[in-house]
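Residue numbers (this note's numbering): 253 to 608.
Note that CB positions come from ideal geometry on N, CA and C, so glycine has one too.
Step one of this worksheet: look at the structure below.
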């Protein structure tokens with residue numbers, strides 16, 4: 253972490269618009285399957301920390317993925333959810349006991365502590381912890397070591413590492429619960445685009461994808477930015493802001509034509525590409541990838557993880573859900589469908605599978 257701290261300080265001394273770095277960051281990215289570090293190297297470090305993102309870059313990730321929520325004072329920070337009791341030590345902080353509350357987020361009642369009830373300064377007093385301790389007990393050794401990064405800090409890290417490695421390290425931010433945050437007066441769009449512009453990310457060729465499970469915020473972003481937009485899709489259910497529309501409908505050939513009017517690609521649950529059989533093995537691929545490509549959409553499925561708990565039956569190494577199975581074979585099956593990128597918690601394995 254000492255090296256990381258030095259790197260970040262050096263970043264702040266550099267102009268965000270230096271010619272050499274601008275050229276590096278704007279280089280074309282098409283023609284290669286990209287590896288997106290899902291919440292960083294979250295299989296080996298607590299997710300959404302600078303340590304997790306930094307390790308992912310060292311392991312060869314093309315993009316690091318921060319999920320973005322907002323603080324009370326309107327700052328974008330990287331957390332999987334705005335409810336932070338699963339990923340921080342907030343419950344142990346006596347000074348914040350009275351902040352515990354119950355809210356309804358996207359139709360779901362949640363009880364805990366929420367980023368929008370804290371200033372950035374207050375959030376910075378918290379420390380991250382492993383979200384899946386039952387599956388990733390080794391990651392608990394890092395509990396309490398890292399704070400909650402701002403989006404600006406994530407961008408600074410990507411910029412510094414791009415300069416240090418000579419390769420463009422992309423950022424793949426997800427706007428979390430955008431309609432909810434807009435409703436409480438904390439919209440993502442303004443601070444999101446301002447931060448990206450600050451670091452020179454304005455053209456479609458920039459190593460940036462903006463993703464969302466919602467629809468209307470992507471449509472609203474389309475006339476405001478040239479940056480590439482990704483419509484996320486789950487295996488079932490509907491976008492939180494469009495109860496009249498299901499994800500399977502959006503993933504149909506006709507639905508993809510509509511998505512292509514405002515987005516540059518899709519991020520589908522991988523089951524929409526290769527569903528699993530009743531026994532839990534990989535089944536027959538659907539036509540989703542081909543249908544998406546026909547209308548010009550890139551396809552970046554999620555999420556590839558090495559633990560037995562997540563793998564298809566034939567790729568499990570045993571009955572222990574914590575054990576590491578054959579992620580390589582699963583990834584290769586998806587690569588054979590013609591996908592353009594993969595989200596993975598395990599960057600080393602994903603990079604190796606792509607090269608074989």
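Practice prompt. From the DSSP output, in three-state form, read off residue 403 for me.
Written response: Along the chain shown, one-based indexing puts residue 403 at 151. Helix, per DSSP.
Worksheet item: What is the rounded straight-line gap between the Cα of residue 415 and the Cα of residue 409?
Response: Your numbering for residue 415 matches position 163 in the chain shown. Your numbering for residue 409 matches position 157 in the chain shown. Going by the C-alpha atoms only, they are around 10 angstroms apart.
Discussion item. Quick check on residue 319: does DSSP put it in helix, strand or coil?
Written reply: Working through the chain shown from its first residue, we reach residue 319 at position 67. Correct three-state label for residue 319: strand.
Worksheet item: Would the beta-carbon of residue 478 fall within 8 angstroms of that of residue 456?
Response: Here residue 478 is taken as the residue at index 226 of the chain shown, counted from 1. Here residue 456 is taken as the residue at index 204 of the chain shown, counted from 1. Yes; because the gap between Cβ atoms is below 8 angstroms, this pair is in contact.
Discussion item. Taking the straight line between their C-alpha atoms, what separation do you get for residue 536 and residue 344?
Written reply: Counting from one through the chain shown, the residue named residue 536 turns up at place 284. Counting from one through the chain shown, the residue named residue 344 turns up at place 92. Cα to Cα, the separation comes out at about 47 angstroms.
Fill in: Contact under 8 angstroms by Cβ, residue 401 with residue 301
Translated into positions along the chain shown, residue 401 becomes position 149. Translated into positions along the chain shown, residue 301 becomes position 49. Cβ distance < 8 angstroms, so residue 401 and residue 301 count as in contact.
Discussion item. Within the continuous beta strand (DSSP E) that includes residue 442, where are the two ends?
Written reply: Working through the chain shown from its first residue, we reach residue 442 at position 190. Segment 441 to 450 is the alpha helix (DSSP H) holding residue 442; no beta strand (DSSP E) there.
Practice prompt. With a floor of 4 residues, list each alpha helix (DSSP H) that falls wholly inside the segment 456 to 542, ordered by position along the chain.
Written response: Listed in chain order, the complete alpha helix (DSSP H) runs (minimum 4 residues) inside the segment 456 to 542 are 468 to 473, 499 to 502, 505 to 511.
Worksheet item: So residue 209 is in the alpha helix (DSSP H); what residue range does that whole segment cover?
Response: The question about residue 209 has no answer, for the chain in this structure spans 253 to 608.
Worksheet item: Do you know offhand how far residue 541's Cα is from residue 377's?
Response: In the chain shown, residue 541 corresponds to position 289, counting from 1. In the chain shown, residue 377 corresponds to position 125, counting from 1. One C-alpha to the other measures close to 44 angstroms.
Worksheet item: Between which two residues does the beta strand (DSSP E) carrying residue 361 extend?
Response: Counting from one through the chain shown, the residue named residue 361 turns up at place 109. 360 to 364 is the span of the beta strand (DSSP E), which, as asked, contains residue 361.
Worksheet entry | residue 592 versus residue 545 - alpha carbon distance | Position 340 of the chain shown, counting from 1, holds the residue named residue 592. Position 293 of the chain shown, counting from 1, holds the residue named residue 545. Residue 592 and residue 545: Cα-Cα distance of roughly 10 angstroms.
Practice prompt. Would you tell me roughly how many angstroms separate the C-alpha atoms of residue 594 and residue 356, rounded to the nearest one?
Written response: The residue you call residue 594 lines up with position 342 of the chain shown. The residue you call residue 356 lines up with position 104 of the chain shown. Straight across, the Cα-Cα distance linking residue 594 with residue 356 is about 31 angstroms.
Worksheet item: What are the partner residues of residue 355, as DSSP defines its beta bridges?
Response: Here residue 355 is taken as the residue at index 103 of the chain shown, counted from 1. According to the DSSP secondary-structure assignment, residue 355 is paired through a beta bridge with 362.
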